[in-house]
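**Student:** If you read the sequences in order, they're chains F and H. Read left to right, the first sequence gives residues 763 to 1104 (our numbering). Read left to right, the second sequence gives residues 763 to 1104 (our numbering). We put the CB at the ideal spot given by N, CA and C, even for glycine. Bear in mind that the values here come from a model prediction, so they are computed numbers and not experimental data.
2 protein chains.
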Amino acid sequence: MIATQTQILLAARPEGLPRDTDFKLVSVPIPTPGAGEVLVRSIYLSLDPAMRGWMDDRRSYLPPIQLGEVMRGLAVGEVVDSRDPAFRPGQRVAALTGWQEYAVLPAKELTAIPDEVSLPLALGPLGMTGMTAYFGLLDVGVPQAGETVLVSGAAGAVGSLVGQIAKIEGCRVVGIAGSDDKCRWLTNELGFDAAINYKTTDDLYAALREACPKGVDVYFDNVGGPLLDMALGLLNFGARVVICGAISIYNATEPPPGPANYLSLLVNRARMQGFIVFDYAKRYGEAVAAISKWLAEGKIEARHDIVEGLENAPSALLRLFDGSNQGKLMVRVAPEPEAKVP
Amino acid sequence: MIATQTQILLAARPEGLPRDTDFKLVSVPIPTPGAGEVLVRSIYLSLDPAMRGWMDDRRSYLPPIQLGEVMRGLAVGEVVDSRDPAFRPGQRVAALTGWQEYAVLPAKELTAIPDEVSLPLALGPLGMTGMTAYFGLLDVGVPQAGETVLVSGAAGAVGSLVGQIAKIEGCRVVGIAGSDDKCRWLTNELGFDAAINYKTTDDLYAALREACPKGVDVYFDNVGGPLLDMALGLLNFGARVVICGAISIYNATEPPPGPANYLSLLVNRARMQGFIVFDYAKRYGEAVAAISKWLAEGKIEARHDIVEGLENAPSALLRLFDGSNQGKLMVRVAPEPEAKVP
Chain F
763 MIATQTQILL
773 AARPEGLPRD
783 TDFKLVSVPI
793 PTPGAGEVLV
803 RSIYLSLDPA
813 MRGWMDDRRS
823 YLPPIQLGEV
833 MRGLAVGEVV
843 DSRDPAFRPG
853 QRVAALTGWQ
863 EYAVLPAKEL
873 TAIPDEVSLP
883 LALGPLGMTG
893 MTAYFGLLDV
903 GVPQAGETVL
913 VSGAAGAVGS
923 LVGQIAKIEG
933 CRVVGIAGSD
943 DKCRWLTNEL
953 GFDAAINYKT
963 TDDLYAALRE
973 ACPKGVDVYF
983 DNVGGPLLDM
993 ALGLLNFGAR
1003 VVICGAISIY
1013 NATEPPPGPA
1023 NYLSLLVNRA
1033 RMQGFIVFDY
1043 AKRYGEAVAA
1053 ISKWLAEGKI
1063 EARHDIVEGL
1073 ENAPSALLRL
1083 FDGSNQGKLM
1093 VRVAPEPEAK
1103 VP
Chain H
763 MIATQTQILL
773 AARPEGLPRD
783 TDFKLVSVPI
793 PTPGAGEVLV
803 RSIYLSLDPA
813 MRGWMDDRRS
823 YLPPIQLGEV
833 MRGLAVGEVV
843 DSRDPAFRPG
853 QRVAALTGWQ
863 EYAVLPAKEL
873 TAIPDEVSLP
883 LALGPLGMTG
893 MTAYFGLLDV
903 GVPQAGETVL
913 VSGAAGAVGS
923 LVGQIAKIEG
933 CRVVGIAGSD
943 DKCRWLTNEL
953 GFDAAINYKT
963 TDDLYAALRE
973 ACPKGVDVYF
983 DNVGGPLLDM
993 ALGLLNFGAR
1003 VVICGAISIY
1013 NATEPPPGPA
1023 NYLSLLVNRA
1033 RMQGFIVFDY
1043 AKRYGEAVAA
1053 ISKWLAEGKI
1063 EARHDIVEGL
1073 ENAPSALLRL
1083 FDGSNQGKLM
1093 VRVAPEPEAK
1103 VP
């Protein structure tokens, strides 16, 4: 009998929010690694807003997922079988496994996870989430001590790290989030100077101006839409707008309007810049070292929101778009192995 | 009898295109300089798209012109009377004189024009126009040899210089202009690799893509509007969008839509950056030296479009917005003094 596994394929291109029928759950044989390849068992699968973009048939920084292909996704897990000397069974790794229980990948596409790092941390602050926050804020946003950093999607996995790193850098940090509970978390536990609930604040622009009395020097945008326009209206001379994402428009069925206020860039000699975390691969070590230290010192806190079962990934993905996740969203594909005595 | 002069005041804030009734022509006594001041007679008054923005009551990089104030403007002229040792009568200077025949200004607000520079050149390639093109392209756009530079408003005073400087830097240069005559000038006389008439090209995006087969590395935008969106769609990885102006929307009576395609900045790790030429004041000498050399070598050509009479400034300003000017637009306020034998 051949062992089988579950895969989730892209069955149709979503129009607007993804629906169940855009995915297809199939059972297929577990593949066998060839020379130089490794068989990985996924344990936690990361769910990220960018996945929505990958489902569209549009030129982007990665090719679109083809219909009938396994949904693309990053996971952490363990090596089951290795045909490459660099990896041994039981070793913990991160890789673009896709939405499936097992994946065969070339050894060079795996990243080893150090023993002292928990698997959820390896998907969160010490994984792509942390790399995105670290390089997006520090390399693209270039915050200086005393400046004001405004973050949208501030209670999200990336946004909450961005704000905490900006605090470490000595900035005034203002977050925008979608519930009072999230706002309380930002100010009471993460040390944000202010947090604004964009869903319940009547005059959002006035509230932002009040929370940023000296204007905005860095706007880290995860959201797009009207918030981007408001932030542009608050920019200081020489300000930097970091375009990390635009979750408010990923599911738009008609082209959403652009930032009408973009000439604020001219008036304020400001810049708006996009980035893709993969470009920083050679420098991940620098970020891992810094964030590990901050975690150990208690200067950074990370929340995980773990959904049970690969089959629930499609519905869990929607939680990113309605904002009901609390921290880094991931799916537990399989139980964590028990710690072995070395 | 006290000598009088003509001034043009801002009489009303324009809605849309400025009208005659937004200006008021008055006759006032010629002022007398106090200690440290200089009386300047304007000879050529520069007309610039940015003037339209100054007429609005809106926070910007310069305060709005107040109703009843002399219209703001840069002119070149000669010193008539000086109460400052740095300037002597007959000396040629550039200054923000405003739309008037004579202005009294603090000596420190005047820039001396070297003897070998003609007055029109001192308003064009060797004045703010040239400074804008030089620093906007080289400092903000940072073109590299072999890259593709796309310029909108390419037959305008700034755009035509930008394209020529980009050619000197070894780039492929594509211009967008509003008439076949302008396009011919760009390709046949200025050395642009291609020029596209945006008013008569059916599928403008396809034409731009064809003219930029390797994509766009630097987009120098003088225009805004749909052209900016198209350019965003053609950006290469790491591209730079220079926001110099947005003449297509300066007269908009409702907020025009922003660049819907701005997420191209994310996908392509690109940046969009504004600038104000005044910030480079300390480095003007560097640009003047470079552009003087290029003019002397015949590598740069500049066209002037000279309108006679200060009273015609309001109607001449409109030519910037209908695109009927051919090169740097200026008003001859007074005849040039005859060259004196030293």
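Taking 7 Å as the CB-CB cut-off, is Tyr823(H) touching chain F?
**Tutor:** yes
**Student:** By the three-class DSSP mapping on this structure, what secondary structure does Tyr960(H) have?
**Tutor:** coil
**Student:** Pair every Cβ in the stretch 775–790 of chain H with every Cβ in the stretch 846–853 of chain H, then say whether three or more of these pairs are closer than 8 Å.
**Tutor:** Three or more beta-carbon pairs separated by less than 8 Å are not found between the stretch 775–790 of chain H and the stretch 846–853 of chain H, which leaves the two stretches without contact.
**Student:** With distances taken from CA atoms, which of Val913(F), Leu771(F), Gly953(F) is nearest Trp745(F)?
**Tutor:** In the structure as shown, chain F starts at 763 and stops at 1104, and residue 745(F) therefore has no counterpart that could be examined.
**Student:** Would you be able to state if there are at least three C-beta pairs under 8 Å between the stretch 1052–1064 of chain H and the stretch 1040–1056 of chain F?
**Tutor:** no
**Student:** Is Pro1017(F) buried or exposed, if buried means 16 or more other CB atoms sit within 10 Å of its CB?
**Tutor:** Classified as exposed, Pro1017(F) has fewer than 16 neighbouring CB atoms from the shown chains inside 10 Å of its CB.
**Student:** Measuring alpha carbon to alpha carbon, tell me which of His1066(H), Glu1100(H), Asp1084(H), Ile1005(H) ends up nearest Leu807(H).
**Tutor:** Of the candidates His1066(H), Glu1100(H), Asp1084(H), Ile1005(H), the residue whose Cα lies closest to the Cα of Leu807(H) is His1066(H).
**Student:** Going by DSSP, what residue range makes up the alpha helix (DSSP H) through Arg854(F)?
**Tutor:** First-last for Arg854(F): 854–857, but that is the beta strand (DSSP E), not the alpha helix (DSSP H).
**Student:** Kindly indicate the opening and closing residues of the beta strand (DSSP E) around Gln767(H).
**Tutor:** 766–772
**Student:** Residue ranges of each beta strand (DSSP E) run of no fewer than 3 residues wholly in the stretch 948–1036 of chain F, ordered along the chain?
**Tutor:** Positions of the beta strand (DSSP E) runs, each at least 3 residues long and wholly inside the stretch 948–1036 of chain F, are given as 956–959, 978–983, 997–1005, 1033–1036 in order along the chain.
**Student:** Would the stretch 979–992 of chain H and the stretch 983–1003 of chain F be scored as touching if the rule is three or more Cβ pairs under 8 Å?
**Tutor:** no
**Student:** Just to confirm, is the Cβ distance from Tyr823(H) to Val1029(F) under 7 Å?
**Tutor:** yes
**Student:** If you follow the beta strand (DSSP E) that Ile1068(H) is in, where does it begin and where does it stop?
**Tutor:** 1066–1070
**Student:** Does Pro887(H) pass the burial test, meaning 16 or more other C-beta atoms within 10 Å, or should it be called exposed?
**Tutor:** Burial call: buried.
**Student:** Thr962(H): which of Asp901(H), Ala973(H), Ile938(H), Tyr864(H) sits nearest, CA to CA?
**Tutor:** Ile938(H)
**Student:** Can you list, in chain order, the residues of the stretch 1015–1040 of chain F whose Cβ is nearer than 9 Å to any Cβ on chain H?
**Tutor:** Pro1017, Pro1018, Pro1019, Gly1020, Pro1021, Ala1022, Asn1023, Tyr1024, Leu1025, Ser1026, Leu1027, Leu1028, Val1029, Asn1030, Arg1031, Ala1032, Arg1033, Met1034, Gln1035, Gly1036, Phe1037, Ile1038
**Student:** Taking the alpha-carbon positions, what's the Asp964(F) to Ser941(F) distance?
**Tutor:** 14 Å
**Student:** DSSP has Ser804(H) in a bridge; who is on the other side?
**Tutor:** Gly839(H)
**Student:** Throw me the rounded Cβ distance for the Val936(F) and Asp955(F) pair, which I believe falls under 8 Å.
**Tutor:** 6 Å
**Student:** Anything in chain H within Cβ reach of Ile770(F), meaning under 7 Å, just list it in chain order.
**Tutor:** Near Ile770(F) there are no residues of chain H at all, since even the closest Cβ is about 25 Å away, more than 7 Å.
**Student:** Taking the CB atoms as reference points, tell me whether Val980(H) and Arg946(H) lie closer together than 7 Å.
**Tutor:** Result no, Cβ atoms of Val980(H) and Arg946(H) do not sit closer than 7 Å.
**Student:** Is Ala797(H) close to chain F? Criterion is C-beta to C-beta, closer than 7 Å.
**Tutor:** no
**Student:** Cβ of Arg1031(H) within 7 Å of Cβ of Gly1036(F)?
**Tutor:** yes
**Student:** Do Val920(H) and Ala957(H) have their C-beta atoms closer together than 7 Å?
**Tutor:** no
**Student:** Please report how far the alpha carbon of Val832(F) lies from the alpha carbon of Val842(F), in whole angstroms.
**Tutor:** 20 Å
**Student:** Could you tell me the alpha carbon to alpha carbon distance between Glu1059(H) and Ile927(F), rounded to whole angstroms?
**Tutor:** 53 Å
**Student:** Quick check on this structure: which residue in Val1004(H), Leu1025(H), Gly1020(H), Ile1009(H) has the alpha carbon closest to the alpha carbon of Ile1009(F)?
**Tutor:** Leu1025(H)
**Student:** Report yes or no: is there a C-beta of chain F within less than 7 Å of the C-beta of Ala1008(H)?
**Tutor:** yes
**Student:** Check whether the Cβ of Ile827(H) lies closer than 7 Å to any Cβ atom in chain F.
**Tutor:** By this cut-off, Ile827(H) is not an interface position.
**Student:** Please tell me whether, using a cut-off of 6 Å, the distance from the CB of Gly815(H) to the nearest non-hydrogen atom of the ligand FAD is below it.
**Tutor:** As far as ligands go, the structure on display features none, and thus does not contain the ligand FAD.
**Student:** Go ahead and label Phe1040(F) buried or exposed: buried means 16 or more other beta carbons lie within 10 angstroms of its beta carbon, across all protein chains shown.
**Tutor:** exposed
**Student:** Can you pull the chain H residues whose beta carbon is under 8 Å from the beta carbon of Ile1005(F), in chain order?
**Tutor:** Going along chain H in sequence order, the residues near Ile1005(F) (Cβ under 8 Å) are Tyr1024, Leu1025, Leu1027, Leu1028.
**Student:** Using a Cβ cut-off of 7 Å (strictly closer), state whether Ala973(F) contacts chain H.
**Tutor:** no
**Student:** Count the other CB atoms within 10 Å of the CB of Met1092(H); is the residue buried (16 or more) or exposed (fewer)?
**Tutor:** buried
**Student:** Three-state secondary structure (DSSP) at Glu799(F)?
**Tutor:** Glu799(F): strand per DSSP, three-state reduction.
**Student:** Under DSSP, the beta strand (DSSP E) around Ser914(H) begins and ends at which residues?
**Tutor:** 910–914
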